[in-house]
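Enquirer: Chains as they are written, first to last, in the numbering used here: chain A, 26 to 342; chain B, 26 to 342. Ideal Cβ placement from N, Cα and C applies to all residues, glycine included. Below are the structure tokens for one structure; questions will follow.
Protein chains: 2
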Amino acid sequence: MLAVETELQMIESRLVSLLDCRESLISEICRYLVAGGGKRVRPAFMMLVYRACGGTDEDLGGPIDASVALELIHSATLLHDDIIDSGKLRRGKPSAFSRFGLAPTLVAGDFLFSRAFELCGRFDEHLIKMAAEACIQLTEGEVREARLRHNSSVSLEDYKNFIELKTASLFRCGGRIAADLAGVPERIINRMGRLGTAIGLAFQMIDDLLDVVGPESKIGKPVGSDLRAGIPSLPVVLGIAGSEELRRLFQDGSAAAGGPGFNRALELVRAPHVLAAGRQKAAEQAALAHHELACLKPSRYRDSLAAMINDQVDREV
Amino acid sequence: MLAVETELQMIESRLVSLLDCRESLISEICRYLVAGGGKRVRPAFMMLVYRACGGTDEDLGGPIDASVALELIHSATLLHDDIIDSGKLRRGKPSAFSRFGLAPTLVAGDFLFSRAFELCGRFDEHLIKMAAEACIQLTEGEVREARLRHNSSVSLEDYKNFIELKTASLFRCGGRIAADLAGVPERIINRMGRLGTAIGLAFQMIDDLLDVVGPESKIGKPVGSDLRAGIPSLPVVLGIAGSEELRRLFQDGSAAAGGPGFNRALELVRAPHVLAAGRQKAAEQAALAHHELACLKPSRYRDSLAAMINDQVDREV
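Okay, here's the thing in structure tokens:
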């Protein structure tokens with residue numbers, strides 16, 4: 026991401042400065058999560074799209090603030106997700122929820138969301154609505170995923186559907202906003218939105234595979250967390266298509282946390298043919314992403330976007 | 026509130042229409058809370074301020090949307106508050122949290138917040154920032170209140186301070202936005218903000234007194250809920266100033282839910298002199314509110330605002 030290193034540094038300091046408020050506990054929780062890691066994939070993606078679309082230094086404040094806003098929204102959802110999943114570990118350390126408790130973590134998430142809302146005030150109505158719509162989709166994706174937990178009839182289409190809402194919507198929105206702020210025509214804005222969707226889907230798919238492959242030291246949480254929570258992640262969805270045994274273990278809850286079938290289920294979802302099929306699905310999204318990139322003029326930013334796509338799918342699974 | 030009855034009907038249908046989304050469970054939870062009651066005090070206050078400031082029919086869409094947005098934000102905080110307090114009852118029926126569970130209720134709150142954010146997209150930057158700042162204050166008030174739970178050194182100033190953040194901030198913001206949209210000068214906008222603060226404080230103070238007086242059939246939740254949760258409500262703060270016994274019961278947790286001292290503590294906080302002092306504090310805020318009203322030209326809307334203030338403090342305590 027060296028092509029936008031300066032921009033990412035500006036984003037980082039702006040992000041951290043926005044965590045201050047009148048109640049130090051809120052700031053502490055937010056700093057614990059936000060300043061304690063995070064790969065800033067969304068801001069990097071947005072700044073690369075902005076630059077690759079010819080965005081100039083002159084109006085840099087806009088895309089910087091938009092990137093910060095989306096990272097704040099993403100962080101808010103992480104805090105709330107940890108409450109929902111009772112997640113004990115996040116990025117290799119105790120989650121904010123397990124460290125600070127339910128009430129302060131919930132409120133800190135609301136605070137981050139409010140900060141994002143504040144930051145968006147400077148943008149045109151259509152951009153604000155786009156960001157708000159992405160937030161709505163995040164909540165819909167969360168509920169849709171919950172509805173499919175322990176549900177062995179989940180299809181690959183169901184899966185793509187909820188990760189499109191839950192993960193890809195912020196990337197899609199980020200791609201569109203960055204392109205819009207760079208001043209490119211509608212046609213390119215649409216393609217940058219589709220680029221975001223494809224990258225977001227690939228990103229989530231690989232994350233799902235890493236979740237079952239581990240090791241814990243690399244993924245920062247116990248191996249098989251999705252399986253424990255009954256989440257129909259990519260290897261689960263692909264695995265149950267070919268294994269009646271896995272279907273049963275997933276459906277009746279014995280593959281879940283503390284269940285007698287967890288180890289066996291984990292073995293089934295990390296079978297080589299399941300992982301290979303999963304990598305294939307992610308590679309398809311990567312190919313779609315590369316296809317969308319082709320509409321941009323060659324530049325080092327476009328090259329960096331291409332490298333970002335490859336890096337995502339090449340994460341060792 | 027007959028003076029703005031038509032506007033409130035428009036607000037009601039707009040509000041309900043915005044609860045629809047792609048996941049029926051989210052809509053169901055939101056409808057359960059929003060359509061299942063609520064006095065719409067904030068929208069009524071905002072529309073009266075808008076009209077009393079000379080706001081016309083022509084631009085009615087603005088103040089309607091702003092009122093709906095603030096009611097959505099308020100509703101989001103109710104959903105999250107019930108999670109934080111494990112509230113079993115809300116408005117005389119099971120809370121959304123106890124009916125639908127933690128995860129869906131949390132996400133539904135985020136959804137309502139996102140809808141408000143979406144709705145605010147149409148406004149000028151300074152109005153959006155004002156609304157976002159109010160949201161931030163809500164979170165700060167929540168944490169500040171939590172910090173003072175079971176803390177017997179809490180002063181009346183501490184109390185006013187956290188209810189100003191937790192309750193009055195939305196009224197303050199609503200008063201300012203409504204006046205701004207009506208096109209009055211800055212001086213009047215400021216006074217409508219102060220009017221909102223005073224009404225919000227009076228409103229919370231009376232709510233706090235009703236909480237200990239009940240009866241349950243009237244307040245829609247068990248008598249003494251604040252005391253059970255260790256919240257330093259107005260009668261608690263006033264009571265501990267004159268009772269070493271109450272101070273001890275509040276501090277050591279024996280006045281809390283299931284504690285051996287709850288009944289005795291309830292007796293102490295509803296002592297006639299405590300309630301009288303509480304009514305006096307609310308009356309002081311009502312007087313401040315009436316004072317701010319004086320800057321407006323006489324109208325039936327101003328009369329309605331005056332009646333609203335009186336109705337708030339005259340709720341039978």
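1. Are the C-beta atoms of Val93 (chain A) and some chain B residue less than 7 Å apart?
2. At what residue ranges does the segment 297 to 325 of chain B contain a whole run of the beta strand (DSSP E), taking only runs of 3 or more?
3. Under a Cβ-count criterion, where at least 16 other Cβ atoms within 10 Å of its own Cβ denotes burial, should Thr102 (chain A) be classed as buried or exposed?
4. Taking contact to mean 3 or more Cβ pairs, one atom from each stretch, closer than 8 Å, check whether the segment 195 to 209 of chain B and the segment 303 to 314 of chain B are in contact.
5. Give the residues of chain A in contact with Arg169 (chain B), contact being defined as C-beta atoms less than 7 Å apart.
6. Does any CB atom of chain B fall closer than 7 Å to the CB of Glu53 (chain A)?
7. Ordered along the chain, which non-local residues of its own chain (more than five positions away) have a Cβ less than 8 Å from that of Arg56 (chain A)?
8. DSSP puts Arg115 (chain A) in a beta bridge; with which residues?
9. For Ala331 (chain B) and Gly221 (chain B), I'd like the C-alpha separation in whole angstroms.
10. Would you verify that the beta carbon of Thr222 (chain B) is, or is not, closer than 7 Å to some beta carbon of chain A?
11. On the three-pair Cβ rule with 8 Å, is the segment 241 to 260 of chain B touching the segment 166 to 177 of chain B?
12. Please go through the same chain and pick out, in chain order, the residues whose beta-carbon is closer than 7 Å to the beta-carbon of Ser324 (chain B), but skip the five residues on each side of it.
13. Going along chain A in order, which residues have a C-beta closer than 7 Å to the C-beta of Val132 (chain B)?
14. Residues of the segment 86 to 113 of chain B in Cβ contact with chain A at a cutoff of 7 Å, in chain order, please.
15. Rounded to the nearest angstrom, how far is the Cβ of Ile109 (chain A) from that of Leu131 (chain B), given a contact under 8 Å?
16. Which of the three DSSP states, helix, strand or coil, is assigned to Ile153 (chain B)?
17. Does DSSP put Ser268 (chain A) in a helix, a strand or coil?
18. Compile a chain-ordered list of the residues in the segment 150 to 161 of chain B whose CB is closer than 7 Å to at least one CB of chain A.
19. Within 10 angstroms of the Cβ of Asp336 (chain B), are there 16 or more other Cβ atoms? Answer buried if so, exposed if not.
20. Whose C-beta lies closer than 7 Å to the C-beta of Phe187 (chain B) among residues of the same chain, with five residues either side of it excluded?
21. Closer than 7 Å by beta-carbon distance: list the chain A residues that pair up with Gly146 (chain B), in chain order.
22. I want to verify the contact list: residues of chain A whose CB lies under 9 Å from the CB of Glu143 (chain B), in sequence order.
23. Using a C-beta to C-beta distance shorter than 7 Å, which residues of chain B count as neighbours of Ser139 (chain A)?
24. Let me confirm a value: Leu27 (chain A) is counted as buried when at least 16 other C-beta atoms fall within 10 Å, else exposed. Which label applies?
25. Just the chain A side, please: which residues come within less than 8 Å of Pro129 (chain B) by C-beta, in chain order?
26. For Asp90 (chain A) and Ile244 (chain A), what's the separation of their Cα atoms in angstroms?
27. Taking only the alpha-carbon atoms, compute the straight-line gap between Glu53 (chain B) and Asn176 (chain A) and give it to the nearest angstrom.
28. Any idea what DSSP makes of Cys198 (chain B), helix, strand or coil?
29. As a quick exercise: from B:Glu48, B:Leu195, B:Ile334, B:Tyr326, pick the residue whose alpha carbon is nearest that of Gln310 (chain B).
30. Give the secondary structure of Ala431 (chain A) by DSSP, where H, G and I count as helix, E and B as strand, and everything else as coil.
31. When you compare each of B:Ala60, B:Arg147, B:Val179, B:Leu85 to Leu152 (chain A) by their alpha carbons, which one comes out closest?
32. Spell out whether any CB of chain A is found under 7 Å from the CB atom of Phe187 (chain B).
33. Ile51 (chain A) to Ala319 (chain A), Cα distance in whole Å?
34. Using only alpha-carbon positions, find the residue among A:Leu274, A:Ile36, A:Gln276 that is nearest to Leu85 (chain A).
35. Taking the alpha-carbon positions, what's the Gly199 (chain B) to Phe228 (chain B) distance?
36. Taking only beta-carbon atoms, is Asp135 (chain A) less than 7 Å away from chain B?
Expert: In brief:
1. Counted from its first residue, the first sequence places residue 93 (chain A) at position 68. Chain B contact via Cβ: absent.
2. none
3. Here residue 102 (chain A) refers to the residue found at position 77 of the first sequence. Per the 10 Å Cβ criterion, buried.
4. With the cut-off at 8 Å, the segment 195 to 209 of chain B and the segment 303 to 314 of chain B do not touch.
5. Here residue 169 (chain B) refers to the residue found at position 144 when the second sequence is read from its first residue. Near Arg169 (chain B) (Cβ distances below 7 Å), the residues of chain A are Glu48.
6. As a first step, residue 53 (chain A) is located in the first sequence; it is residue number 28 there, counting from the start. With 7 Å as the cut-off, Glu53 (chain A) does not count as an interface residue toward chain B.
7. As a first step, residue 56 (chain A) must be located in the first sequence, where it is residue number 31. So the list reads Val41, Leu44, once near-sequence residues are dropped.
8. As a position in the first sequence, residue 115 (chain A) is number 90, starting the count at 1. Note: Arg115 (chain A) sits in a beta bridge opposite A:Lys118.
9. The residue labelled residue 331 (chain B) in the question sits at position 306 within the second sequence. The residue labelled residue 221 (chain B) in the question sits at position 196 within the second sequence. If you take the alpha carbons of Ala331 (chain B) and Gly221 (chain B), they lie about 12 Å apart.
10. In the second sequence, counting from the first residue as 1, residue 222 (chain B) sits at position 197. No, no contact with chain A.
11. yes
12. If you number the second sequence from 1, residue 324 (chain B) lands on position 299. If we look at Ser324 (chain B) and ignore the five residues flanking it on each side, its Cβ neighbours are Ala77.
13. Here residue 132 (chain B) refers to the residue found at position 107 of the second sequence. Thr164, Glu167, Val168, listed in chain order.
14. His105, Ile108, Ile109
15. Locating residue 109 (chain A) in the first sequence gives position 84, where the first residue counts as 1. Locating residue 131 (chain B) in the second sequence gives position 106, where the first residue counts as 1. With a Cβ gap of about 6 Å, Ile109 (chain A) and Leu131 (chain B) count as contacting.
16. Sequence index remark: in the second sequence, residue 153 (chain B) carries index 128 (1-based). Reduced to three states, the DSSP call for Ile153 (chain B) is helix.
17. Your numbering for residue 268 (chain A) matches position 243 in the first sequence. In this structure, Ser268 (chain A) counts as coil in the three-state DSSP scheme.
18. Listed by position, the residues of the segment 150 to 161 of chain B near chain A (Cβ gap below 7 Å) are Glu150, Ile153, Lys154, Ala157, Glu158, Cys160, Ile161.
19. In the second sequence, counting from the first residue as 1, residue 336 (chain B) sits at position 311. Under this definition Asp336 (chain B) is an exposed residue.
20. Stepping through the second sequence from its first residue, residue 187 (chain B) is reached at position 162. Excluding residues within five positions, the ones whose Cβ falls inside 7 Å are Gly166, Arg169, Glu170, Leu173.
21. Numbered from 1 along the second sequence, position 121 holds the residue referred to as residue 146 (chain B). Those are Glu150, Ile153, Lys154, Ala157, listed as they occur along chain A.
22. Translated into positions along the second sequence, residue 143 (chain B) becomes position 118. Neighbours of Glu143 (chain B) on chain A, chain order: Ile153, Lys154, Ala156, Ala157, Glu158, Cys160, Ile161.
23. Start at 1 with the first residue of the first sequence, and residue 139 (chain A) comes out as number 114. Ordered by position in chain B, the residues that pass the 7 Å Cβ test against Ser139 (chain A) are Ala157, Cys160, Ile161, Thr164.
24. Here the question's residue 27 (chain A) lines up with position 2 in the first sequence. Exposed, since its Cβ has fewer than 16 Cβ neighbours within 10 Å.
25. Within the second sequence, numbered from 1, the residue matching residue 129 (chain B) stands at position 104. Ordered by position in chain A, the residues that pass the 8 Å Cβ test against Pro129 (chain B) are Val168, Ala171.
26. Translated into positions along the first sequence, residue 90 (chain A) becomes position 65. Translated into positions along the first sequence, residue 244 (chain A) becomes position 219. Cα to Cα, the separation comes out at about 29 Å.
27. As a first step, residue 53 (chain B) must be located in the second sequence, where it is residue number 28. As a first step, residue 176 (chain A) must be located in the first sequence, where it is residue number 151. Taking the straight line from one Cα to the other gives about 22 Å.
28. Taking the second sequence and counting its residues from 1, one reaches residue 198 (chain B) at position 173. In the structure shown, Cys198 (chain B) sits in a helix (DSSP, three-state: H, G or I).
29. One-based indexing of the second sequence puts residue 310 (chain B) at position 285. It is B:Ile334 whose Cα lies nearest to the Cα of Gln310 (chain B).
30. Lying before the first or after the last residue shown, residue 431 (chain A) is absent from chain A, which here runs from 26 to 342.
31. Start at 1 with the first residue of the first sequence, and residue 152 (chain A) comes out as number 127. Measuring from the Cα of Leu152 (chain A), the nearest candidate turns out to be B:Arg147.
32. Walking along the second sequence from the start, residue 187 (chain B) turns up at place 162. For Phe187 (chain B), the answer is no, since every Cβ of chain A falls outside 7 Å of its Cβ.
33. Along the first sequence, one-based indexing puts residue 51 (chain A) at 26. Along the first sequence, one-based indexing puts residue 319 (chain A) at 294. Here the alpha carbon of Ile51 (chain A) sits roughly 44 Å from the alpha carbon of Ala319 (chain A).
34. Within the first sequence, residue 85 (chain A) is the residue found at index 60, counting from 1. The residue with the shortest Cα to Cα distance from Leu85 (chain A) is A:Ile36.
35. As a position in the second sequence, residue 199 (chain B) is number 174, starting the count at 1. As a position in the second sequence, residue 228 (chain B) is number 203, starting the count at 1. Approximately 15 Å, taken between the alpha carbons.
36. For the purposes of this step, residue 135 (chain A) is identified with residue 110 of the first sequence, where counting begins at 1. Cβ-Cβ to chain B under 7 Å: yes for Asp135 (chain A).
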